[in-house]
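Colleague: Residue numbers (UniProt numbering), protein chains in the order written: chain A, 1 to 276; chain B, 1 to 245; chain C, 1 to 232; chain D, 1 to 195; chain E, 1 to 291; chain F, 1 to 279.
Yeah, the Cβ is synthetic: ideal placement off N, Cα and C, and Gly gets one too.
Right, I'll just put the structure down here and ask away after.
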Amino acid sequence: MATAFKTVEPLEYYRRFLKENCRPDGRELGEFRATTVNIGSITTADGSALVKLGNTTVICGVKAELAAPPVDSPNKGYIVPNVELPSLCSTRFRPGPPGEEAQAASQFIADVIENSQIIEKEDLCIANGKLAWVLYCDIICLDYDGNILDASTFALLTALKNVQLPAVTVNEETGLSEVNLKQKNPLIIRKHPVATSFAIFDDTLLIVDPTAEEEDLATGTVTIVTDEEGRLCSVHKPGGSPLTGAKLQDCITRAVTRHKEVKKLIDKVIKSIQPK
Amino acid sequence: MAALELLSDEGYRADGRRAAELRKVRARMGVFAQADGSAYIEQGNTKALAVVYGPHEMRGSRSKALHDRALVNCQYSMATFSTSERKRRPHGDRKSSEMTLHLKQTFEAAILTQLYPRSQIDIYVQILQADGGNYCACVNAATLAVIDAGIPMRDYVCASSAGFVEDTPLADLSYIEEASGGPQVALALLPTSEQIALLEMNSRLHEDHLEEVIEAASKACKAVHAVLDQVVRDHVQEVTALLGD
Amino acid sequence: MATAEEEEDGGGGGGCCLRPFSCEQGLLSRPDGSAAFIQGDTSVLAGLYGPGEVKGSKELPDQAALEVLLRPKVGLPAVTPRLGRGGGAQREQLIRRTCEAVLLGALHPRTAVTLVLQVLSDIGSLLSCCLNAACLGLLDAGLPLASLFCGVTCALRPDGRLLLDPTARQEQEARAVLTFAIDSADGKVLAATAKGSCSAEELQQCLAAAQRAAATIFRFYRDSLRRKYSKW
Amino acid sequence: MAPPARYCVPGERLCSTGEASAGSGTYTRHGFIFASLAGCLEKRNEESGLPVVSVVRDAESQLLPDVGAVVTCKVCSINSRFAKVHILYIGSTPLKSTFRGTIRREDIRATEKDKVEVYKSFRPGDIVLAKVISLGDAQSNYLLSTAENELGVVVARSEAGAQMVPISWCEMQCPRTHTKDFRKVARVQPEFLQT
Amino acid sequence: MASVVLSEAEKLYIVHGVQEDLRVDGRGCEDYRCAEVETDVVSNTSGSARAKLGHTDILVGVKAEMGTPKLEKPDEGYLEFFVDCSANATPEFEGRGGEELGTEIANTLYRIFSSESCVDLKSLCINPREHCWVLYVDVLLLECGGNLFDAISIAVKAALFNTRIPKVRVLEDEEGSKEIELSDDPYDCIRLNVDEVPCVVTLSKIGYRHVVDATLQEEACSLASLLISVTSKGALTCMKKVGKGSLDPESIFEMMETGKRVGKSLHTSLQKILDEEESLGTTRQKVGFLG
Amino acid sequence: MPLDHRRLRGPEESQPPEVWAAAAGAGGAAAAEEEEAAAAAAAEEARDPCALRPLFARAGLLSQAEGSAYVELGGGTKVLCAAWGPREAAAEPGGGAAAGGRLVCEFRRAPFAGRGPRAAAGREAEREAAAALREALEPAVRLARYPRARLAVSALLLQDGGSALAAAVSAAALALADAGVEMYDLAVGCALCRPPGAAAAWLLQPSEPEERRAAARLTVALLPSLNQVSGLLGGGQGGPPDSWAQALRLGLDGCHRLYPVLRQSLLRAARRRAAPSTA
């Protein structure tokens with residue numbers, strides 16, 4: 001009859017768990033789900049990463065193409081992130097053009113890239129005013145079980161770390177560019193932004209890394225993105241229950257701790273594939 | 001375009017017609033077997049097809065049904081190859097939506113819709129080749145199709161366009177005459193009662209000339225009426241001959 | 001028409017004060033509630049429809065369904081490729097969720113409330129202006145609210161100084177721009193979003209400044225409402 | 001314990017129709033019984049005649065409301081002619097997604113049908129037990145009925161928010177405010193008492 | 001798609017008839033209905049044709065426009081297909097209702113013409129990487145009486161046969177900039193060789209047999225059909241199963257053989273009509289929709 | 001093409017680096033291409049045309065979907081499929097006749113799935129594949145059991161290493177079965193291609209380079225227990241019916257050989273599902 005209670009009165013069901021300081025999946029309020037990352041599994045992409053956060057699965061593939069730099073900043077390249085929430089990942093999404101959540105997530109990722117300076121766009125320029133790299137970062141959610149922003153940010157970062165770009169030179173005489181597909185160089189990753197999301201329950205209780213169910217029942221969410229120096233690359237609280245400044249500070253502190261764990265994981269995974 | 005002479009000093013138009021002369025009108029009813037009514041018309045090089053379905057039960061949402069009359073539903077579309085430059089979409093663009101609305105208004109005025117409450121009549125017209133007067137050809141074709149479908153109308157609806165060049169009203173404009181940018185009037189007329197079902201004017205025209213132009217257009221409508229009437233009579237005779245004995 | 005003149009700082013909001021702001025309520029006749037909010041040279045017009053009939057799939061069994069449409073001055077509402085501006089869907093989501101947090105939607109279950117925000121001019125601090133217009137729109141429509149909210153934008157200059165209600169140029173020059181939605185009950189944060197990076201201390205400073213500014217704005221809300229109802 | 005369970009996939013031939021009769025999760029073709037589900041094979045011996053083979057999945061088979069099934073639903077909206085509901089359960093199996101149903105005024109109770117008022121029977125938010133009487137035509141959705149003693153409202157909340165207690169077949173009372181509300185109350189069967 | 005609703009008895013009647021090689025309209029299983037084909041019906045196109053197969057009525061217009069070659073095929077022109085399922089055929093196609101079927105047919109046409117040898121695309125190139133002819137093949141579905149694909153493929157082939165593309169010359173001046181000059185003579189034009197253009201033969205499985213050129217009623221009795229495109233030499237260029245049902249492997253082999261046989265004779269008779277029309281030249285009385 | 005306002009857009013125009021590699025030093029690049037072609041041809045000769053690439057299948061791996069499956073082929077093709085059981089169908093326009101349920105299929109290709117330009121295969125190709133998927137699966141599903149309801153399958157191609165549609169058919173059938181949808185049989189997909197050249201033999205389960213060079217291609221879907229062909233889609237350079245018949249036979253044989261792998265993965269998933277309740 002527990003399932004019946006859960007379907008009929010989901011919020012009440014949840015509150016009973018929270019009273020005991022635990023969650024229905026057995027986690028404590030401040031506990032993250034198991035996080036795994038798999039790098040370079042998509043060989044058709046120039047860089048890729050598959051991130052799992054519990055059940056939530058996100059894949060990011062980076063494809064590099066060449067284009068003329070933007071007119072207003074001829075010494076820069078482009079990073080074009082897009083988050084897709086296909087109907088495959090959850091019944092809540094319909095097939096067709098991206099909905100509000102996907103659009104908002106794309107914008108969030110774009111903001112994180114811009115705010116954190118994860119990559120200097122100047123690094124992507126090959127010939128001033130003539131040729132620059134465009135990095136298309138397509139982030140696709142495969143299994144939607146909450147906390148898509150953390151998973152997407154993580155997938156983006158690890159996929160970018162996996163990118164190998166072919167060497168390009170511009171021939172002075174002909175003005176044509178020459179691509180050497182054999183010689184590949186990694187990207188320079190300047191910063192490592194890591195996102196940490198919280199759900200707010202009944203206006204006061206903060207839980208980390210919410211599942212889809214928890215997100216639906218929560219009265220609000222907050223996402224904090226920090227880099228390795230503890231600077232905030234994004235504070236994103238799209239409405240919902242009000243929080244005091246102190247609570248917000250609490251979130252930031254926890255986000256800084258989380259950053260260290262995630263960074264450790266990234267280093268480990270990168271190292272594990274290095275020897276090849 | 002300014003260099004093009006629309007009306008020569010001798011009073012001939014670019015395609016050799018006189019000012020009040022119509023292009024050759026040829027028409028046929030009952031082109032398709034599956035539709036309730038259908039017709040095809042050629043006015044010079046403008047060719048249009050019209051089919052009518054209904055009156056039938058409301059399709060789609062029933063909430064659109066009108067309790068005291070039939071809903072007239074139209075769609076105007078142009079074959080992608082009908083114009084000299086290929087069109088990307090047959091319908092759904094702004095121009096077609098406007099035409100669709102015009103057709104709907106025209107035929108709501110002519111069909112005795114109160115005879116079929118809560119039902120729907122579909123009129124679909126298709127321009128196969130466009131050479132000026134698309135709206136008019138569509139109205140004329142649709143009139144024949146409605147008659148073919150056996151739906152009671154107050155009267156025929158006949159449409160024709162008219163322009164005004166060098167102080168002379170021109171009837172039944174062709175594409176180049178339309179494209180010259182001068183004033184043009186599209187008139188849909190119920191010829192016996194001389195009631196106007198729809199009148200639309202583009203560009204500028206001095207008020208003093210309006211009457212002449214409308215006069216020219218309505219004369220043209222009546223001329224079209226004569227042709228359509230003959231087509232209908234021939235068709236009816238043919239059909240009844242088949243039915244009889 | 002109500003105006004509040006804060007200590008003016010030549011050209012735009014300088015230091016810890018806001019640009020001159022004003023509002024006008026009930027200026028449209030078709031919507032159930034409307035308000036224009038002008039903040040320096042940035043102005044947003046809000047129109048509110050509802051609670052009204054809801055379209056099938058959007059219906060919520062125990063809540064009013066709120067829809068927020070943010071119409072830019074030109075072009076289509078969209079995620080624009082030029083970063084720093086736009087992000088239509090994300091802003092719509094933020095404004096909607098902020099309104100949902102204060103709107104007592106349970107009092108109007110199975111209805112729809114639509115908030116249309118039309119940007120009239122954008123010379124900086126657009127999001128906060130949208131939030132303010134939204135709140136006044138909700139008020140003008142007479143919808144039951146748990147509390148009020150206001151939006152405050154805060155910029156951090158490269159030299160580390162803090163700047164409230166920046167103009168577009170000041171936003172561009174700034175190292176970071178933070179926007180908060182503050183609720184009137186006890187000055188808590190309803191929404192927050194940031195461009196650029198800053199430290200946690202700086203965030204707290206900005207928040208404190210925003211909370212102080214919010215008090216001014218709430219006073220202004222109160223005054224303009226008093227003026228509105230005293231006319232009757 | 002029986003021998004290890006046999007699992008099968010759709011299209012797998014299980015036996016001939018002479019050996020057994022086809023149960024759920026199977027179909028017959030050319031005199032043989034085939035599995036139509038991926039799951040565990042079950043062979044049950046019937047008292048009389050052939051054993052029944054069926055393929056079962058654990059409590060999460062894909063169900064659809066069927067005519068005659070008792071369903072648990074939640075009332076979403078009411079008007080003077082009918083109540084609109086969301087079907088949540090079929091029997092005791094939760095549905096993966098809700099289906100919409102309609103309880104017409106004349107199907108609310110068995111007697112004095114013309115005196116029934118929808119608002120005196122259901123309110124939005126009520127949990128109702130009902131029986132499927134038709135799949136509906138092209139326009140309408142599932143038609144349900146509560147015209148039996150065991151069918152009707154099982155859970156309802158008063159305006160004060162408390163869960164109300166049935167006091168007769170047509171009334172419920174709020175334990176907090178003691179106000180009475182009209183409902184078409186179901187005579188609750190023991191297995192539903194736990195909630 | 002426009003469809004008819006048949007009762008079980010009606011279906012049985014048709015199925016039993018097919019079993020006896022006698023169809024409702026008196027045809028045998030491998031007989032086509034009487035087809036009418038007329039070319040050059042829309043004068044402002046590069047080529048056009050109308051095909052009528054029973055009640056199925058198709059109008060095809062081909063327009064040649066100048067475009068840039070595709071990146072991967074810099075020395076070839078290309079064909080673009082568009083199918084407009086007009087509301088003329090059935091009210092269901094109103095608005096965007098016909099779009100799905102339209103794209104499906106267009107996709108099938110792309111597939112049929114995917115073979116390099118169908119049309120000599122190299123002849124459509126004006127100068128490599130820069131200019132080529134793009135042939136927009138626009139299909140207009142006017143009435144739908146079953147067997148759409150076959151009728152469309154016949155109309156497309158006839159329209160391509162009728163297509164005349166103006167000859168152009170590329171003039172290059174000293175600085176290397178190129179100019180394109182259109183021939184003044186309207187009779188100075190390129191014709192396409194349509195010998196290799198395939199026709200579609202759709203074989204519908206009804207009961208244990210299959211029929212060609214099914215009517216709407218017969219299509220309602222058929223769960224699955226096999227669409228085969230055949231060239232005049234009897235080579236298969238495309239195969240596709242359509243419909244909700246499945247097919248026995250053995251019957252597919254049979255269908256392929258039948259398709260080849262029927263397709264070859266279809267090509268012969270089509271070519272005969274086209275040649276006859278051609279020989280009449282300008283003296284031909286155009287009938288169009290007035291006949 | 002309507003402008004996409006809902007996605008972030010990059011520059012108006014961009015090319016994959018491969019194009020520039022070709023444009024640079026024309027001789028070198030062309031030579032490289034020829035080299036590649038030669039290598040491919042050599043590989044073909046070395047390749048056993050009847051050889052199947054190793055197939056990895058796993059069912060029931062997504063948490064949100066009711067049924068799911070992942071299929072990976074040796075050459076790098078990766079397809080993920082999710083399926084949902086009967087849901088309320090939106091009122092079908094004028095569709096009173098639909099007594100059974102409807103099967104709705106979606107096929108998406110990740111932007112990074114292919115070599116070469118990012119947006120090479122557009123919406124049209126996706127739609128055609130979705131339609132082919134539906135045709136191949138419909139005969140396998142007992143739609144009559146789900147009156148007035150809608151079953152949904154969506155496939156996502158993560159990496160295209162050749163034979164993508166065939167892999168999607170197999171994955172989609174597994175996902176449906178995993179969702180507990182009643183089916184007559186599984187559907188198994190298999191692809192073939194014929195390299196250019198008059199006497200070339202059909203190759204089973206081609207890789208992406210083989211597919212790119214191929215003169216003709218064919219995808220077959222089979223219901224293995226019923227021995228019925230549920231899907232057939234192919235085209236290219238004309239050939240006599242015999243050649244196509246041979247391809248079909250080879251393809252069907254391939255399907256029969258793939259079937260046990262798929263069946264095993266489904267059995268494993270069924271056991272996994274059962275395990276928690278018995279334990």
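1. Determine, for isoleucine 127(D), whether the minimum Cβ-Cβ distance to residues of chain A falls below 8 Å.
2. If we cut at 8 Å on Cβ distances, does leucine 18(C) have a partner in chain D?
3. When the Cα atoms are used, what is the spatial distance from valine 9(D) to glutamate 178(A)?
4. Report yes or no: do three or more beta-carbon pairs, one from the stretch 82-96 of chain B and one from the stretch 139-146 of chain B, lie closer than 8 Å?
5. Within the continuous beta strand (DSSP E) that includes arginine 127(F), where are the two ends?
6. Could you give the C-beta distance for aspartate 183(C) and valine 102(C), rounded to a whole number, given that I count them as a contact under 8 Å?
7. When the cut-off is 8 Å and only beta carbons count, does tyrosine 116(B) lie next to chain E?
8. Tell me which residue opens and which closes the beta strand (DSSP E) that methionine 66(E) is part of.
9. With H, G and I counted as helix, E and B as strand and the rest as coil, what does DSSP make of isoleucine 118(A)?
10. If distances are taken between C-alpha atoms only, which option among Leu49(B), Met153(B), Asn73(B) comes closest to valine 26(B)?
11. Going by C-alpha distance, which of Arg154(B), Gln126(B), Arg13(B), Ala20(B) is nearest leucine 115(B)?
12. Do alanine 19(B) and leucine 7(B) have their CB atoms nearer than 8 Å?
13. Grab me the residues of methionine 1(D)'s own chain with a C-beta within less than 8 Å of its C-beta, minus the 5 sequence neighbours each way, in chain order.
14. Among Cys150(C), Glu201(C), Cys17(C), which has the Cα closest to the Cα of phenylalanine 180(C)?
15. For serine 36(D), return the contacting residues in chain F, with the cut-off set at a CB-CB distance below 7 Å.
16. Whole angstroms are fine: how far does the CA of glycine 125(D) sit from the CA of leucine 107(C)?
17. Drop a sphere of 10 angstroms on the beta-carbon of histidine 210(E), count the other beta-carbons inside from all chains shown, and report buried for 16 or more, exposed for fewer.
18. Below 8 Å between beta carbons: does that hold for tyrosine 44(B) and aspartate 131(B)?
19. Under 8 Å between the Cβ atoms of glycine 189(F) and alanine 216(F)?
20. Note the first and the last residue of the continuous alpha helix (DSSP H) segment covering leucine 126(C).
21. Sort Gly96(A), Phe198(A), Ile148(A), Ile140(A) by Cα distance to leucine 158(F) and report the nearest one.
22. Is it a yes or a no for the stretch 156-171 of chain A touching the stretch 37-54 of chain A, going by three-plus beta-carbon pairs under 8 Å?
23. Give me the Cα-Cα distance between valine 51(A) and threonine 98(D), rounded to the nearest whole angstrom.
24. Can you tell me the Cα-Cα spacing of phenylalanine 182(D) and methionine 172(D), whole angstroms?
25. Please state the DSSP three-state secondary structure of methionine 58(B).
26. For proline 93(F), I'd like the list of residues in its chain whose CB is within less than 8 Å of its CB, leaving aside the five on either flank, ordered along the chain.
27. Going by Cα to Cα distance, which pick from Arg33(A), Asn38(A), Phe5(A) is closest to isoleucine 270(A)?
28. Judging by CA-CA distance, which residue of Asp275(E), Thr231(E), His131(E) is the nearest neighbour of lysine 260(E)?
29. Run through DSSP, which three-state label would tyrosine 135(B) get?
30. Touch check for the stretch 226-236 of chain A and the stretch 192-202 of chain A: three-plus C-beta pairs under 8 Å?
31. For alanine 2(B), does the three-state DSSP call read helix, strand or coil?
32. Taking Cβ positions only, does phenylalanine 32(B) come closer than 8 Å to chain E?
33. Is leucine 203(C) close to chain A, meaning its C-beta is less than 8 Å from at least one C-beta of that chain?
Modeller: On the basis of the coordinates in this document:
1. To locate residue 127(D), count along the fourth sequence from 1; it is residue 127. By this cut-off, isoleucine 127(D) is an interface position.
2. Residue mapping note: residue 18(C) aligns to position 18 of the third sequence, counting from 1. For leucine 18(C), the answer is no, since every Cβ of chain D falls outside 8 Å of its Cβ.
3. Here residue 9(D) is taken as the residue at index 9 of the fourth sequence, counted from 1. Here residue 178(A) is taken as the residue at index 178 of the first sequence, counted from 1. Computed Cα separation, rounded: 55 Å.
4. no
5. What you label residue 127(F) is simply residue 127 of the sixth sequence in a count that begins at 1. Counting along the chain, arginine 127(F) falls outside any beta strand (DSSP E), though it belongs to the alpha helix (DSSP H) covering 123-137.
6. The residue labelled residue 183(C) in the question sits at position 183 within the third sequence. The residue labelled residue 102(C) in the question sits at position 102 within the third sequence. That belief holds up - the Cβ atoms of aspartate 183(C) and valine 102(C) are roughly 7 Å apart, short of 8 Å.
7. Working through the second sequence from its first residue, we reach residue 116(B) at position 116. Output row for tyrosine 116(B): interface = no.
8. Here residue 66(E) corresponds to residue number 66 of the fifth sequence, with the count starting at 1. 56-67 is the extent of the beta strand (DSSP E) around methionine 66(E).
9. By one-based count along the first sequence, residue 118(A) stands at place 118. If DSSP states are grouped into helix, strand and coil, isoleucine 118(A) belongs with coil.
10. Within the second sequence, residue 26(B) is the residue found at index 26, counting from 1. The residue asked about is misnamed: residue 26(B) is arginine in this sequence, not valine. Cα-wise, what sits closest to arginine 26(B) is Leu49(B).
11. In the second sequence, the residue the question calls residue 115(B) occupies position 115. Here the closest residue by C-alpha is Arg154(B).
12. Taking the second sequence and counting its residues from 1, the one referred to as residue 19(B) is at position 19. Taking the second sequence and counting its residues from 1, the one referred to as residue 7(B) is at position 7. Against a cut-off of 8 Å, the Cβ pair of leucine 7(B) and alanine 19(B) comes out as a contact.
13. For the purposes of this step, residue 1(D) is taken as the residue at position 1 of the fourth sequence. Caution applies to methionine 1(D), whose pLDDT of 46 falls short of 50 and renders its modelled position unreliable; the model cannot decide the point.
14. For the purposes of this step, residue 180(C) is taken as the residue at position 180 of the third sequence. If we check each option's Cα against that of phenylalanine 180(C), Cys150(C) comes out closest.
15. Working through the fourth sequence from its first residue, we reach residue 36(D) at position 36. Under the 7 Å cutoff, chain F gives Arg142, Glu182, Met183, Tyr184.
16. If you number the third sequence from 1, residue 107(C) lands on position 107. If you number the fourth sequence from 1, residue 125(D) lands on position 125. Computed Cα separation, rounded: 14 Å.
17. For the purposes of this step, residue 210(E) is taken as residue 210 along the fifth sequence, with counting starting at 1. Counting Cβ neighbours within 10 Å, histidine 210(E) comes out buried, since at least 16 surround it.
18. For the purposes of this step, residue 44(B) is identified with residue 44 of the second sequence, where counting begins at 1. For the purposes of this step, residue 131(B) is identified with residue 131 of the second sequence, where counting begins at 1. Note that residue 44(B) corresponds to glycine in the displayed sequence, not to tyrosine. A contact, by the Cβ cut-off of 8 Å.
19. Sequence index remark: in the sixth sequence, residue 189(F) carries index 189 (1-based). Sequence index remark: in the sixth sequence, residue 216(F) carries index 216 (1-based). Not closer than 8 Å, so no.
20. Against the third sequence, residue 126(C) aligns to sequence position 126. 126-140 is the span of the alpha helix (DSSP H), which, as asked, contains leucine 126(C).
21. Within the sixth sequence, the letter at position 158 stands for residue 158(F). Here the closest residue by C-alpha is Ile140(A).
22. yes
23. As a first step, residue 51(A) is located in the first sequence; it is residue number 51 there, counting from the start. As a first step, residue 98(D) is located in the fourth sequence; it is residue number 98 there, counting from the start. Their backbone Cα atoms lie some 32 Å apart in a straight line.
24. Position 182 of the fourth sequence holds residue 182(D). Position 172 of the fourth sequence holds residue 172(D). Going by the C-alpha atoms only, they are around 6 Å apart.
25. Counted from its first residue, the second sequence places residue 58(B) at position 58. Three-state result, methionine 58(B): coil.
26. Counting from one through the sixth sequence, the residue named residue 93(F) turns up at place 93. Reliability of the predicted coordinates at proline 93(F) is poor, the pLDDT of 48 falling under 50, and the value obtained from them is presented with this limitation in mind. Cβ neighbours of proline 93(F) beyond the five flanking positions: none.
27. For the purposes of this step, residue 270(A) is taken as residue 270 along the first sequence, with counting starting at 1. Of the listed residues, the one whose Cα sits closest to isoleucine 270(A) is Asn38(A).
28. Position 260 of the fifth sequence, counted from the first residue, corresponds to residue 260(E). The option with the nearest alpha carbon to lysine 260(E) is Thr231(E).
29. For the purposes of this step, residue 135(B) is taken as the residue at position 135 of the second sequence. Note: tyrosine 135(B) maps to helix in three-state DSSP.
30. yes
31. Residue mapping note: residue 2(B) aligns to position 2 of the second sequence, counting from 1. Low confidence applies here, because alanine 2(B) scores a pLDDT of 48, under 50, leaving its location unreliable; read the following figure in that light. It is coil, neither helix nor strand.
32. The residue labelled residue 32(B) in the question sits at position 32 within the second sequence. So yes, phenylalanine 32(B) belongs to the interface.
33. Residue 203(C) sits at position 203 when you count from the first residue of the third sequence. It does: the Cβ of leucine 203(C) has a partner Cβ on chain A nearer than 8 Å.
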